[in-house]
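One structure is given here, and the rest of the page talks about it.
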Amino acid sequence: MQRFIQFNDENVNSFQLMELIDLAKTLAKSQDMEVEYGPLNYLDVPNQKIIVSHFWDHRKREEEWFGLTSDIYLRAVGTYRYSDVREINSYLSKINKSPISSFAKQIFMMIEDARIEEEVKKIRPGTKRAFAMRRQIYTRYFQSQLNVHLVKGVHTDALLNFIYMLLHAQSPIDEWPSIQPEITLAHSFIQQQIQRSFEAKSTKQSAAISYELCGLLEEILAKDMLNEYFHLPEKIMKEWEELTFEDLKRRDPLANDDQQEEEATGEEEVMEEEFKTWHRESSDKGESFLQFDLDQGTKTNIKGNEAREGDDGDQALGMVQGSSKKAARDDFEGDVEESKSEEKGQGDVYGKENRFAFAVFEHASPIKSNEQQHYDRLKKNIFHLHKKLQKIIEKTLDHKRNQPRGSLAFGRLSKQLIPFFTEDQPKVFYKKDEESPKIDATFTLLLDCSASMQDKMEETKKGLVLFHEVLKSVRVPHEIVGFWEDTDKVSEFSQPNHLKTVISYDQSIYTNASASIMQLMPEEDNRDGFAIRHMTERLMKRNEQNRFLLVFSDGEPAAMNYEQNGIMDTHEAVLHARKHGIEVINVFLSNEEIQESQKEVIQNMYGKYSLFIPNIDELPDILFPLLKKLLYKSI
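Just so it is clear: in the sequence shown, position 510 is 510 by full-length UniProt numbering, and no numbers are missing.
So, in structure tokens, the structure goes:
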């Protein structure tokens with residue numbers, strides 16, 4: 001895929017990102033926690049995200065991994081558990097009008113991160129190695145930045161660089177650099193504040209130290225920070241504090257929204273009766289102890305938020321946890337809403353990146369004469385490969401049909417009689433086997449019909465014709481589907497994705513409509529993960545032992561709001577298919593030499609099961625051994 005201008009050519013390592021996401025979810029104890037790459041590291045609690053820094057890119061493998069994991073440790077455990085968001089917002093309001101507000105934010109983050117790092121290491125000693133590597137790399141980096149800023153006269157940045165070195169030094173630093181005469185005079189005060197930060201036990205103390213330090217430096221420093229090394233997101237912190245006080249109180253809406261008119265007097269009669277923990281309102285049986293799934297009822301003020309005195313009858317360790325689930329009852333209003341959501345998207349069933357995508361299923365139209373002629377021409381071009389492979393497979397099937405089975409208790413006497421003398425129950429007979437010549441396999445060929453396939457579609461169709469003719473001749477059921485996203489009708493919350501089946505399983509062996517393959521044309525965008533999940537669903541319904549999904553594409557996924565997330569989503573779709581016993585193979589098509597960066601992207605999505613074809617004209621010749629190998633495997 002040719003790129004004329006690409007300002008950000010960073011590719012996501014999907015294996016690594018999945019490991020980071022799993023780590024973040026485990027440490028934060030939140031299944032909704034996600035990880036994204038960004039310029040700087042911070043925690044976004046309202047959106048359940050940890051942003052890991054690009055600072056760790058292009059380093060040695062070990063340095064990159066320890067750097068990224070230390071970002072996760074610092075936010076998922078440190079900030080999430082040990083930082084007080086109220087104190088952070090209080091500090092932000094104080095320094096909001098400061099002439100060095102950026103410096104004030106960054107010095108606070110530096111001191112607070114050093115404090116929570118020690119807290120993390122106490123409860124998780126295994127993080128010490130990652131944090132040690134983090135300090136070494138940052139110290140080297142800030143040393144080089146200090147030298148640069150001293151030469152350029154950027155005093156504020158130079159001071160922050162040096163304070164980091166003071167904060168994380170393994171031994172006392174006696175010699176201070178000549179940043180600014182006034183800073184040299186304030187040497188003892190700055191040193192004293194840094195010493196105090198080592199004893200900080202709370203966010204409030206970190207904020208107090210930072211505020212006192214900035215109070216003096218406001219009068220010394222002429223300019224604010226030029227660069228941002230540590231990020232403190234004000235808007236996110238305010239939203240986090242609002243979540244803490246409002247949204248953490250459970251206020252799920254009931255199915256009905258009526259209010260009891262009569263006020264409670266406290267003398268209401270209480271009826272005691274048996275209450276089943278599973279009933280028809282639950283969609284499934286829960287395994288939680290005393291978990292009630294209720295979503296209906298009238299709101300009252302009876303004992304709403306009051307505690308009651310315990311008694312001896314209370315069970316030890318009894319816990320009641322409320323939750324809301326979709327009821328299994330028929331709701332005609334819900335049916336109307338469901339049909340609307342079908343048009344807008346299919347939720348997270350096909351991946352969270354595809355929650356607004358929906359499938360538009362198409363089938364082949366009647367074959368035109370020019371399509372039939374085109375097909376016959378391609379069929380003639382691959383005829384020699386087709387017949388060659390067909391003969392090889394048929395000979396293999398004949399050989400297997402006549403291949404004898406040995407070590408039997410009865411049958412024809414074998415010439416190998418040694419077991420008769422060496423074993424207590426010798427099996428010295430054999431039988432000629434008459435196995436069925438059927439190949440126990442099925443194939444789905446999924447073709448990327450994006451616009452970039454314009455110059456590759458002709459040769460790709462030739463490869464599809466080869467697959468179809470060979471599989472048809474050896475009676476292996478298969479399906480050929482093209483996919484694309486309709487950019488003319490796509491929007492933020494509605495993304496139609498076309499799945500056009502030109503050869504179906506039912507027609508694949510006996511069809512006379514093979515020329516419908518010619519109806520696949522270059523269209524628009526491609527949402528690979530969504531299409532792969534749909535094909536996986538179909539293959540899971542097949543009874544064959546060997547199921548293969550071949551994806552023909554010419555590059556990365558590209559669709560509305562898909563971009564880098566598309567690589568991750570496609571990788572997850574491939575893993576999901578393989579988990580269900582489906583072998584997924586990518587056939588990468590190109591008209592020029594394939595760059596290493598492109599190979600890395602494809603391998604991030606499909607792993608080692610990727611076939612790279614730098615010259616599209618060679619596609620049939622390269623597909624020949626692949627098809628041969630897959631069919632041999634299924635015999």
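Note that CB positions come from ideal geometry on N, CA and C, so glycine has one too.
query: Measure from the alpha carbon of Gln143 to the alpha carbon of each residue in Pro125, Ser202 and Tyr164, then state which is nearest.; result: Tyr164
query: For Arg542, which residues of its own chain have a beta-carbon under 7 Å away from its beta-carbon, when the five flanking residues on both sides are left out?; result: Thr442
query: With Val85 as the anchor, note down where its alpha helix (DSSP H) starts and where it stops.; result: Val85 to Ile95
query: Is the beta carbon of Arg86 sitting closer than 7 Å to the one on Glu241?; result: yes
query: Could you check how far apart the C-beta atoms of Ala531 and Leu499 are, in whole angstroms? I think they sit under 8 Å.; result: 6 Å
query: For Tyr632, count neighbouring C-beta atoms within 10 Å of its own C-beta (all shown protein chains included) and say buried if the count is 16 or more, exposed if not.; result: exposed
query: Out of Asn96, Trp56 and Asp44, which has the shortest C-alpha to C-alpha gap to Ser83?; result: Asp44
query: For Glu219, count the other beta carbons within 10 Å of its own beta carbon; 16 or more makes it buried, fewer makes it exposed. Which is it?; result: exposed
query: Which residues in the same chain as Lys128 place their Cβ atom closer than 6 Å to its Cβ, once the five residues preceding and following it in sequence are excluded?; result: Lys121
query: Consult DSSP for Gly566 and reduce its assignment to one of helix, strand or coil.; result: helix
query: I'd like to know whether the C-beta atoms of Asn604 and Asn96 end up nearer to each other than 7 Å.; result: no
query: Use the C-beta contact count for His580: other C-beta atoms within 10 angstroms, 16 or more gives buried, fewer gives exposed.; result: exposed
query: If you reduce the DSSP assignment to three classes, tell me which class His576 lands in.; result: helix
query: Quick one: what's Ala359 bridged to in DSSP?; result: Asn497
query: Quick one: what's Ser610 bridged to in DSSP?; result: Asn586
query: What does a CB cutoff of less than 8 Å around Leu623 pick up in its chain, not counting 5 residues either side in sequence?; result: Gly463, Leu466, Phe467 and Val587
query: Kindly indicate the opening and closing residues of the beta strand (DSSP E) around His374.; result: His374 -> not in any beta strand (DSSP E); alpha helix (DSSP H) instead, spanning Ser369 to Asn381.
query: Indicate whether the contact test is met: 3 or more Cβ pairs, each with one atom in the stretch 490 to 505 and one in the stretch 360 to 369, closer than 8 Å.; result: yes
query: So, for Ser553: in the same chain, excluding its five sequence neighbours on each side, which residues have a beta-carbon less than 6 Å away from its beta-carbon?; result: Asp448
query: In or out: Met109 buried (at least 16 other Cβ within 10 Å) or exposed?; result: buried
query: Could you give the DSSP three-state label for Leu232: helix, strand or coil?; result: coil
query: Need the endpoints of the beta strand (DSSP E) that Ala24 sits in, please.; result: Note, Ala24: premise wrong, no beta strand (DSSP E); alpha helix (DSSP H) at Ser14 to Ala28.
query: Checking the sheet assignment: what are the DSSP bridge partners for Glu479?; result: Thr444
query: Whole angstroms are fine: how far does the CA of Phe612 sit from the CA of Asn155?; result: It is worth fixing the name first, because residue 155 is His in this sequence and not Asn. Approximately 53 Å between the Cα atoms of the pair.
query: Put Glu34 into one of helix, strand or coil per three-state DSSP.; result: strand
query: Among Val476, Asn161, Ala169 and Pro477, which one has its Cα closest to the Cα of Gln136?; result: Ala169
query: I need the DSSP call for Tyr505, collapsed to helix, strand or coil.; result: coil
query: Do Gln598 and Ser473 have their C-beta atoms within less than 7 Å of each other?; result: no
query: How long is the line joining the alpha carbons of Gln373 and Gly411, rounded to whole angstroms?; result: 55 Å
query: Use the C-beta contact count for residue 645: other C-beta atoms within 10 angstroms, 16 or more gives buried, fewer gives exposed.; result: Past the boundaries of the shown model lies residue 645; the chain is included only from 1 to 635, so the question cannot be answered.
query: Excluding the 5 residues flanking Asn615 on each side, which residues of the same chain have their C-beta closer than 7 Å to its C-beta?; result: none
query: For the stretch 53 to 65 and the stretch 89 to 107, state whether three or more C-beta atom pairs, one from each stretch, are separated by less than 8 Å.; result: no
query: Over the uninterrupted alpha helix (DSSP H) stretch that includes Val474, give me the two end residues.; result: It is not in any alpha helix (DSSP H) - Val474 carries neither H nor E in the DSSP assignment.
query: Is DSSP giving Asp44 helix, strand or coil here?; result: strand
query: Whole angstroms is fine: what's the gap from Ala114's alpha carbon to Leu520's?; result: 59 Å
query: Could you give the distance in angstroms between the alpha-carbon of Pro46 and the alpha-carbon of Met33?; result: 10 Å
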